[in-house]
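Notes to accompany the following structure.
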Amino acid sequence: MNSILRFTSAHPWLVLLLTLGLTALAGSQIVDLRTGELRLEIDPSPNRFLPAEDEAKIFYDLVRKVFGSDETLLVVLGTEDVFTRENLERLDRMTKRIGSVDGVHHVVSLTNAINIRGVGDDLEIAPFVSRIPDDPEELARLRREALDHPIFAGNLVSRDGRSAALLVYFMDFTDTEFIARGIDDQIGEIVEQERGDALTWITGTPHLKVVQIRMLFADLGRNLPLILVVGMIVLAFSFRNLRGVFLPALTVVVALVWTMGIAAWIGRPLNLVTVLVPPLLMILGLAYAVHVVSEYYDTLHEEPDGGNESVTVRAVKKVGLPVLLTGLTTAASFLALMLSPMAPIREMGLLALVGILIAVVASLIVTPAMLEALGPPRRTGHAGQEAQSDWFGRFAARAAEFNLRNRTGIFVACAVFGVLALVAATQIRVGTEHIGTFKKDHPTRIAFEAVNERLGGANSFNVVVQASYPNAFKEPANLRELESIQHWLDGQPEIGATTSVVDYLKLINRGFHGNDPNHLAIPESRRLTGQLFFFGANDEIENFVDKSYRMANVVVRANVIDSDRILDLSERIEQRLEQLPEHLKGTVTGNPILINRMLETVVRGQVLSLGGALILIYIILSLLFLSARTGLIALIPNVLPIAAFFGALGVSGVMLSPGTSMIASMALGVAIDDTIHYFARFNQDAKRFANERLATISALRAVGRPVTYTSIAICLGFLVLTTSELSNFVEIGALGAFTLAFAWLIDFTLTPALCSGLRVVTLWDTLTLDLGHSPSTSIPLFKGLSTAQARILALMASLRRVPAGQRLIRMGDEGRELWVIIDGKLRVSVPRGEGEIELGTCTRGDVIGEIAFFGQRRSANVDVVEDSRLLRLTPGNLARLGRRYPRIATQVLSNLSEVLAERLVKTTSRLR
Numbered sequence: 002m003n004s005i006l007r008f009t010s011a012h013p014w015l016v017l018l019l020t021l022g023l024t025a026l027a028g029s030q031i032v033d034l035r036t037g038e039l040r041l042e043i044d045p046s047p048n049r050f051l052p053a054e055d056e057a058k059i060f061y062d063l064v065r066k067v068f069g070s071d072e073t074l075l076v077v078l079g080t081e082d083v084f085t086r087e088n089l090e091r092l093d094r095m096t097k098r099i100g101s102v103d104g105v106h107h108v109v110s111l112t113n114a115i116n117i118r119g120v121g122d123d124l125e126i127a128p129f130v131s132r133i134p135d136d137p138e139e140l141a142r143l144r145r146e147a148l149d150h151p152i153f154a155g156n157l158v159s160r161d162g163r164s165a166a167l168l169v170y171f172m173d174f175t176d177t178e179f180i181a182r183g184i185d186d187q188i189g190e191i192v193e194q195e196r197g198d199a200l201t202w203i204t205g206t207p208h209l210k211v212v213q214i215r216m217l218f219a220d221l222g223r224n225l226p227l228i229l230v231v232g233m234i235v236l237a238f239s240f241r242n243l244r245g246v247f248l249p250a251l252t253v254v255v256a257l258v259w260t261m262g263i264a265a266w267i268g269r270p271l272n273l274v275t276v277l278v279p280p281l282l283m284i285l286g287l288a289y290a291v292h293v294v295s296e297y298y299d300t301l302h303e304e305p306d307g308g309n310e311s312v313t314v315r316a317v318k319k320v321g322l323p324v325l326l327t328g329l330t331t332a333a334s335f336l337a338l339m340l341s342p343m344a345p346i347r348e349m350g351l352l353a354l355v356g357i358l359i360a361v362v363a364s365l366i367v368t369p370a371m372l373e374a375l376g377p378p379r380r381t382g383h384a385g386q387e388a389q390s391d392w393f394g395r396f397a398a399r400a401a402e403f404n405l406r407n408r409t410g411i412f413v414a415c416a417v418f419g420v421l422a423l424v425a426a427t428q429i430r431v432g433t434e435h436i437g438t439f440k441k442d443h444p445t446r447i448a449f450e451a452v453n454e455r456l457g458g459a460n461s462f463n464v465v466v467q468a469s470y471p472n473a474f475k476e477p478a479n480l481r482e483l484e485s486i487q488h489w490l491d492g493q494p495e496i497g498a499t500t501s502v503v504d505y506l507k508l509i510n511r512g513f514h515g516n517d518p519n520h521l522a523i524p525e526s527r528r529l530t531g532q533l534f535f536f537g538a539n540d541e542i543e544n545f546v547d548k549s550y551r552m553a554n555v556v557v558r559a560n561v562i563d564s565d566r567i568l569d570l571s572e573r574i575e576q577r578l579e580q581l582p583e584h585l586k587g588t589v590t591g592n593p594i595l596i597n598r599m600l601e602t603v604v605r606g607q608v609l610s611l612g613g614a615l616i617l618i619y620i621i622l623s624l625l626f627l628s629a630r631t632g633l634i635a636l637i638p639n640v641l642p643i644a645a646f647f648g649a650l651g652v653s654g655v656m657l658s659p660g661t662s663m664i665a666s667m668a669l670g671v672a673i674d675d676t677i678h679y680f681a682r683f684n685q686d687a688k689r690f691a692n693e694r695l696a697t698i699s700a701l702r703a704v705g706r707p708v709t710y711t712s713i714a715i716c717l718g719f720l721v722l723t724t725s726e727l728s729n730f731v732e733i734g735a736l737g738a739f740t741l742a743f744a745w746l747i748d749f750t751l752t753p754a755l756c757s758g759l760r761v762v763t764l765w766d767t768l769t770l771d772l773g774h775s776p777s778t779s780i781p782l783f784k785g786l787s788t789a790q791a792r793i794l795a796l797m798a799s800l801r802r803v804p805a806g807q808r809l810i811r812m813g814d815e816g817r818e819l820w821v822i823i824d825g826k827l828r829v830s831v832p833r834g835e836g837e838i839e840l841g842t843c844t845r846g847d848v849i850g851e852i853a854f855f856g857q858r859r860s861a862n863v864d865v866v867e868d869s870r871l872l873r874l875t876p877g878n879l880a881r882l883g884r885r886y887p888r889i890a891t892q893v894l895s896n897l898s899e900v901l902a903e904r905l906v907k908t909t910s911r912l913r
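Written as structure tokens, this is what we have:
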């Protein structure tokens, strides 16, 4: 890392040129630079949420293959009376024009739907309206026939005769091709041109997908700049200079372009979950660059002259490892999403992981390059920080005092809140809105609900009955079982219409008997049934029974849109299907059913991903703080915001869906960053001040400011999502902002209360703490210890910088501590009369004050001759070391015994 940093510092313009080239390359993957067309795609299909090996998904794909796709587009014409010449002609024109659109397979409406009836001694299979009559009596006859028709009524015409439907079927191509061909737009234009004074509505899965994609792109186009602007406003308030505003903003834009460029390059379209990655990356990515810029100004203010190293290099050396580690913890939370059984959420985890790592790398390379290229500013320090230090310092001091005074109360309050949140979480509903994703006043939602009301249901699914042998559905007994299921379905309040092969068979039977309504029934013999199917065969029947007559399809139109009610209905249907004879097996399938099936996977995925995130982050924290106990303590403040999130779900009634299920893992990854920064800073200040109160105040003042501003920026970024037209984005924005605001509150209360009295050793301290060359050989107290173990000892004690001219020890004083010289020079003397006699000088490795360490008074004066770095070790430090690192403590005690023995030998030899 240091070599990369040195190269960046030496060649900033080259780094920026390479960055520009990579950004242009990534941008060319997102947008075709020649045509301006967007290459990055969005796939809104919910079908991919189920694993490919899922039985329900496999069966659904089989049903689509046998009976055709259930993803039809529905155009509904609303009038006072469909059966007028004008309206039938309008319906006929719309049917023909839509049918001629490139990509449309065929269109079915009243004017061309196949009707089966007897004409004399013949069976006629012809369009229901062969010609549009002028005669009112003929129109009235058409009306009666249509409203009495077992297939048309409720499907192609409303039961009150005021609305007519066109069912549009498409060629077999992907959603991307469907959108690229502009089929939905062409149909919309035709409907608008032909509607006249009638009302028209367009709905159906293909249309909903197109609208969702457009809204998602519109949201991205609006929200990303807005999130960036909001973040820049917060940065302006914090830094009060242009660099502090624009450098983090440019860095996060670079990271976003690179991430989306990679997604487009590998040909992975954004789905309904990964579409959240751009705003999330914009929201979360700012923090890393902010820490780099903030440390740059701190270093410039405190250490303007750094010798051979530039301010940027020194700043990144200080902040680089913490930024990298906090980025890894956030990445770990997204990595855990890859444990989800749902492919789109796994893709979300992978893409967010890549994005976060790119943001970290950009912050540690691109941001320093920009700082070096711009050179030192004319003004040093945080202008904003200096202006605000008084009020924030007072606030931090009061918060610290409150936390220390009320530790027990804070623990009890947090425990009670956690229990209440878990109780509230028991009320969580697992579900998805589907059409409820659109707001109630959105035209798409209005159209869906209008069709739902007029045609008895806009949601269609299938009840498929399979027999154990071929030609089973030529047998009257099995057909009656199918008819019985239909009658039961028609009796359910949520169901508006059903259609099956039985309806066609009964029409054929009636047609062969001179349209006698008494013969609108299933024939009595298998032989007659087979003959009727043979003579009445048509393309429509193939949508309801397979060629072997072993699988029958009942198409159900339902008026429920809420996932809870769909689940309840499907469970009732499954219970009814259990009553079928042994040789028949019924299954409920279809797009709405599959979505509900997905909800079971949501819960399982939530448990796996959140559990995985907690375990991963716990492992990282334990490694980071070199202690399983400290890792667990550091995890506690981050579990409470997750409990608050689940409690909010239970109280608010917002459903746990694929989108909202990611908030917990994401919030955990973000919140843990602040905890790491506070624990590390408190540990430094505790060693520096040797005073818990001062350390808490200092740490809260230092860490609290960037934590507060980044929390404000993140929460406001999430609140931007609440401006979306899609309700699931609104829910994610509101819940994300609430959860992270609560995490900030915990950071300012529970985290300091937990941390006080806790001595933390961090991994980066053991990697970076300077104890000079070969401490195990040059410092007797460190004998037998590795460099890492020596650093742990130093960190469990405290390192002090003592300026020359200061008296460190006064003869006769009490002081249960000893000192080890890391760097510098000290003089030992004793008073004689009005002067002092120098006993000697001490340099690196010497131990001072060991007599008082064991309870005796100081036996000499010790003065600092040169600026020195000293290790202060107390019995309390040694006891704590023994509990946490017994092997190190044992070696230190052994070394201390050797030092004392050596001193005793020297003293004895002097006396002789």
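If you count the sequence shown from 1, you need to add 1 to reach our numbering.
Each residue gets a CB set at the ideal place from its N, CA and C atoms; glycine is no exception.
{"Query": "Under 8 Å between the Cβ atoms of S501 and V589?", "Result": "no"}
{"Query": "How should M95 be labelled, buried or exposed, when 16 other C-beta atoms within 10 angstroms of its C-beta is the threshold for buried?", "Result": "buried"}
{"Query": "Among the candidates I436, Q532, F743, L585, whose CA atom is the shortest distance from the CA of P593?", "Result": "I436"}
{"Query": "Taking the C-alpha atoms as reference points, what is the distance between I715 and L34?", "Result": "32 Å"}
{"Query": "How would you write the range of the alpha helix (DSSP H) that Y170 sits in, first residue to last?", "Result": "No alpha helix (DSSP H) contains Y170, which is instead part of the beta strand (DSSP E) from 164 to 171."}
{"Query": "Could you give the distance in angstroms between the alpha-carbon of A384 and the alpha-carbon of I234?", "Result": "The pLDDT assigned to A384 is 45, lower than 50, so where the model puts this residue is not dependable; a value taken from the coordinates is nonetheless given after this. Approximately 15 Å, taken between the alpha carbons."}
{"Query": "According to DSSP, simplified to helix, strand and coil, what is Q428?", "Result": "coil"}
{"Query": "Nearest-angstrom Cα distance between Y61 and V67?", "Result": "10 Å"}
{"Query": "Leaving out five residues before and five after E867 in sequence, what residues of the same chain have Cβ atoms less than 8 Å from its Cβ?", "Result": "A805, G825, K826"}
{"Query": "Between I823 and chain D, is the shortest Cβ-Cβ distance under 8 Å, so that the two count as touching?", "Result": "Here chain D cannot be found, since the structure has a single protein chain."}
{"Query": "Taking just the CA atoms, how far does A742 sit from N919?", "Result": "Nothing in the structure corresponds to residue 919, since the chain is present only between 2 and 913."}
{"Query": "Pull the bridge partners of V731 from the DSSP assignment, please.", "Result": "In DSSP, V731 forms no bridge with anything."}
{"Query": "Applying the criterion that 16 or more other CB atoms from any shown protein chain within 10 Å of the CB defines a buried residue, is F535 buried or exposed?", "Result": "exposed"}
{"Query": "For M343, tell me which candidate among S662, D674, L786, L695 has the shortest Cα-Cα distance.", "Result": "S662"}
{"Query": "To the nearest angstrom, how far is it from the Cα of L456 to the Cα of G432?", "Result": "25 Å"}
{"Query": "Which term fits V417, buried or exposed, when burial requires 16 or more other beta carbons within 10 angstroms of its beta carbon?", "Result": "exposed"}
{"Query": "Which runs of the alpha helix (DSSP H) at least 4 residues long sit entirely within the region 837 to 903? Give them in chain order.", "Result": "851 to 854, 876 to 885"}
{"Query": "Assuming N272 and L722 are in contact, meaning their beta carbons sit under 8 Å apart, how far apart are those beta carbons, in whole angstroms?", "Result": "N272 to L722, Cβ: 17 Å. No contact."}
{"Query": "Nearest to S799 by alpha carbon, out of G785, L772, G813, F174?", "Result": "L772"}
{"Query": "Measure the Cβ-Cβ separation of G262 and L26 and say whether it is below 8 Å.", "Result": "yes"}
{"Query": "Where DSSP assigns a beta bridge to K1, which residues make up the other side?", "Result": "Shown here, the chain extends from 2 to 913; a query on residue 1 therefore has no answer."}
{"Query": "Check this for me: beta carbons of P638 and L819, under 8 Å apart or not?", "Result": "no"}
{"Query": "For the region 745 to 753 against the region 402 to 417, are there 3 or more C-beta pairs whose distance is under 8 Å?", "Result": "yes"}
{"Query": "Do you know whose CA, among L622, E54, V83, lies nearest P323's CA?", "Result": "L622"}
{"Query": "Could you give the distance in angstroms between the alpha-carbon of S364 and the alpha-carbon of L809?", "Result": "43 Å"}
{"Query": "In the DSSP assignment, the alpha helix (DSSP H) including M233 goes from what residue to what residue?", "Result": "206 to 240"}
{"Query": "With distances taken between CB atoms, is the gap from G612 to T427 smaller than 8 Å?", "Result": "no"}
{"Query": "Could you name the residues of the same chain whose beta carbon sits closer than 6 Å to that of L508, not counting the 5 residues immediately before and after it, in chain order?", "Result": "I117"}
{"Query": "Take H208 and list the residues in its own chain whose beta-carbon comes closer than 7 Å to its own, dropping the five residues that flank it on each side.", "Result": "L74, D185"}
{"Query": "Hey, is the region 325 to 335 in contact with the region 348 to 367, meaning 3+ C-beta pairs nearer than 8 Å?", "Result": "yes"}
{"Query": "Note down the Cα distance separating Q386 from G737, rounded to an integer number of angstroms.", "Result": "Its pLDDT being 49, under 50, Q386 is placed unreliably by the model, and the measurement read from it follows with that caveat. Approximately 27 Å, taken between the alpha carbons."}
{"Query": "At the level of alpha carbons, what is the spacing between K318 and A374?", "Result": "18 Å"}
{"Query": "For the alpha helix (DSSP H) that contains P345, what are its first and last residues?", "Result": "344 to 375"}
{"Query": "For the alpha helix (DSSP H) containing N639, name the first residue and the last one.", "Result": "629 to 653"}
{"Query": "By DSSP's criteria, E125 is part of a beta bridge. Which residues make up the other side?", "Result": "R118"}
{"Query": "With a threshold of 16 other CB atoms inside 10 Å of the CB of A388, please say whether the residue is buried or exposed.", "Result": "Any answer about A388 is weak, because its pLDDT of 47 lies below 50 and its placement is not dependable; what the coordinates show is given next. Burial call: exposed."}
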